[in-house]
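See structure below.
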Amino acid sequence: MNKIILGVACLALTVNVSAQTMRETIGKHFLIGAAVSTRNIYSQDPKVKSAIVNNFNAIVPENCMKGEAIHPEENRYSWDDADATVKYAEDNHMTVTGHCLVWHSQAPRWMFKDSEGKTVTREVLIDRLYHHITNVVGRYKGRIKGWDVVNEAFEDDGSYRKTQYYNIIGPEYFELAFKFAHEADPNAELYYNDYSMSKPAKRDAVCRLVRDLKAKGCRIDAVGMQSHNGTDYPNLNDYEASIDSFAACGVKVMMTELDINMLPSPQHFGGADISQRFKYDKTLNPYVNGLTKSAQKLFNERYLAFFKIYAKHKDQISRVTLWGVSDADSWLNGWPVPGRTNYSLLIDRQYNVKPVVKDIIKLFK
Ligand code: XIL
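Mind the numbering: the sequence shown is residues 2 to 366 in the working numbering, read in order.
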């Protein structure tokens with residue numbers, strides 16, 4: 002009799018453990034999130050909805066809060082998709098990260114030119130930046146946990162990226178952007194976000210920025226390491242060293258755009274600059290019908306290696322966000338080579354959680 006009871010208890014335990022989600026387990030240690038597209042938000046497919054709300058407690062709009070989308074003309078904002086995303090998060094008890102306020106890519110087209118097509122003056126650009134940040138952050142005051150204030154402002158060698166913001170305003174634009182955002186929502190967290198953050202020169206530049214902003218009295222809560230990773234980059238020791246370095250500057254660390262590119266890299270490909278484009282070639286798209294066994298094994302090992310690092314550093318990390326809900330949604334199907342079939346995320350094309358997630362969850366027990 003006892004044996005039977007024990008057997009039933011074990012079975013119940015097994016069922017229960019296997020049904021646990023990242024949200025219920027990893028979510029106890031730090032936020033676990035996904036970037037969502039507007040297609041995801043408006044989707045009527047129950048599998049999409051349950052994939053999002055069962056597995057994650059944090060979302061980031063993938064595109065609809067970027068400058069070109071939310072502020073298409075100087076005197077016109079386009080709020081509908083961003084409003085819907087914030088409401089979706091609230092209805093499902095998830096936090097929202099605003100992405101992103103100052104970025105050279107997907108910036109509002111009109112931002113840097115006057116009505117005659119001439120580059121605007123420093124004063125005009127500061128004024129436009131002020132209004133953009135004040136209106137966007139102000140609209141969601143109290144409803145967004147934190148903002149990626151500046152995105153991708155350094156080159157890999159640690160020098161300033163020569164963006165229009167930099168060229169027209171100078172390096173003071175960082176401080177201005179963080180101040181404007183803080184004034185618009187004093188309770189919102191504020192972040193600096195970038196890719197290739199394990200590169201020592203970039204890491205040092207970002208640490209300098211954090212210290213400099215703090216010295217100037219600006220609020221900065223965390224640094225985002227985008228983590229558009231591959232099967233052989235970044236170097237895991239460098240990646241861990243960056244987590245420690247950022248934490249040592251007195252900010253939390255977030256993995257803001259995690260994915261693993263499973264496809265071959267074209268020559269000269271690197272980082273995550275969205276303007277990189279390479280021509281389609283069949284040899285660059287080898288897994289149209291699914292990963293091979295060895296590629297699947299590599300995928301599992303690689304995700305486990307990253308999450309092992311996150312588990313070890315859980316006290317320094319405040320959020321890990323995957324850049325997309327499922328493989329069907331991943332931007333890596335179209336970038337940097339169009340028309341490929343990638344397998345970069347933890348949820349497959351049918352919106353089923355991949356087997357490796359069970360092992361990832363175990364790391365957090
Ligand atoms: C990407 C989106 O996923 C794509 O849909 C879009 O076409 C281009 O931008 N770094 C970032 C993200 O900070 O905003 C980018 O998102 C990926 C690289």
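From the three backbone atoms N, C-alpha and C, an ideal C-beta is built for every residue, glycine too.
Burial state of residue i (16 or more Cβ within 10 Å)
{"i": "P62", "result": "buried"}
{"i": "G291", "result": "exposed"}
{"i": "Q227", "result": "buried"}
{"i": "S295", "result": "exposed"}
{"i": "S51", "result": "exposed"}
{"i": "P187", "result": "exposed"}
{"i": "S243", "result": "buried"}
{"i": "K200", "result": "buried"}
{"i": "K203", "result": "buried"}
{"i": "A83", "result": "buried"}
{"i": "N152", "result": "buried"}
{"i": "G335", "result": "exposed"}
{"i": "D46", "result": "exposed"}
{"i": "K88", "result": "exposed"}
{"i": "T342", "result": "buried"}
{"i": "R24", "result": "buried"}
{"i": "A216", "result": "exposed"}
{"i": "K4", "result": "Because the pLDDT of K4 is 49, which lies under 50, any placement of that residue in the model is unreliable, and the question is left without a value."}
{"i": "S331", "result": "buried"}
{"i": "P1", "result": "With the chain covering 2 to 366 only, the question about residue 1 has no answer from this structure."}
{"i": "T257", "result": "buried"}
Below-8 Å beta-carbon distance, residue i vs any chain C residue
{"i": "A329", "result": "This model lacks chain C altogether, as it is built from one protein chain only."}
Opposing strand residues paired with residue i [DSSP bridges]
{"i": "I261", "result": "N230"}
{"i": "R40", "result": "The partner list for R40 (beta bridge, DSSP) is empty, contrary to what the question assumes."}
{"i": "R77", "result": "E74"}
{"i": "D149", "result": "H100 and Y192"}
{"i": "I361", "result": "Looking at the DSSP assignment, I361 forms no beta bridge with any residue, so it has no partner."}
{"i": "T120", "result": "K114"}
{"i": "Y161", "result": "F155"}
{"i": "A306", "result": "For A306, which the question treats as bridged, DSSP gives no partner whatsoever."}
Where residue i falls: helix, strand or coil (DSSP)
{"i": "M23", "result": "helix"}
{"i": "C101", "result": "strand"}
{"i": "I275", "result": "coil"}
{"i": "I244", "result": "helix"}
{"i": "E91", "result": "helix"}
{"i": "L32", "result": "strand"}
{"i": "G139", "result": "helix"}
{"i": "K217", "result": "coil"}
{"i": "L323", "result": "strand"}
{"i": "F155", "result": "strand"}
{"i": "V289", "result": "coil"}
{"i": "K67", "result": "coil"}
{"i": "K355", "result": "coil"}
{"i": "V224", "result": "strand"}
{"i": "V48", "result": "First, the amino acid is wrong: residue 48 is Lys here, not Val. If DSSP states are grouped into helix, strand and coil, K48 belongs with the helices."}
{"i": "V252", "result": "coil"}
{"i": "V211", "result": "helix"}
{"i": "A108", "result": "coil"}
Alpha-carbon spacing of residue i relative to residue j, whole angstroms
{"i": "K253", "j": "S319", "result": "6 Å"}
{"i": "I221", "j": "D316", "result": "18 Å"}
{"i": "V289", "j": "I169", "result": "45 Å"}
{"i": "V357", "j": "G340", "result": "26 Å"}
{"i": "F270", "j": "Q277", "result": "8 Å"}
{"i": "I60", "j": "V97", "result": "5 Å"}
{"i": "Y161", "j": "Y167", "result": "8 Å"}
{"i": "N58", "j": "F279", "result": "35 Å"}
{"i": "Y281", "j": "N353", "result": "28 Å"}
{"i": "I348", "j": "D195", "result": "24 Å"}
{"i": "I42", "j": "S106", "result": "23 Å"}
{"i": "T120", "j": "Q165", "result": "9 Å"}
{"i": "L305", "j": "D360", "result": "8 Å"}
{"i": "R144", "j": "W80", "result": "14 Å"}
{"i": "H30", "j": "Y311", "result": "10 Å"}
{"i": "R140", "j": "A90", "result": "16 Å"}
{"i": "A108", "j": "E184", "result": "22 Å"}
Q.
Would the segment 276 to 290 count as touching the segment 241 to 257 if we require 3 or more Cβ pairs under 8 Å?
A. no
Q. Any contact of the segment 111 to 130 with the segment 231 to 245, i.e. 3+ C-beta pairs under 8 Å?
A. no
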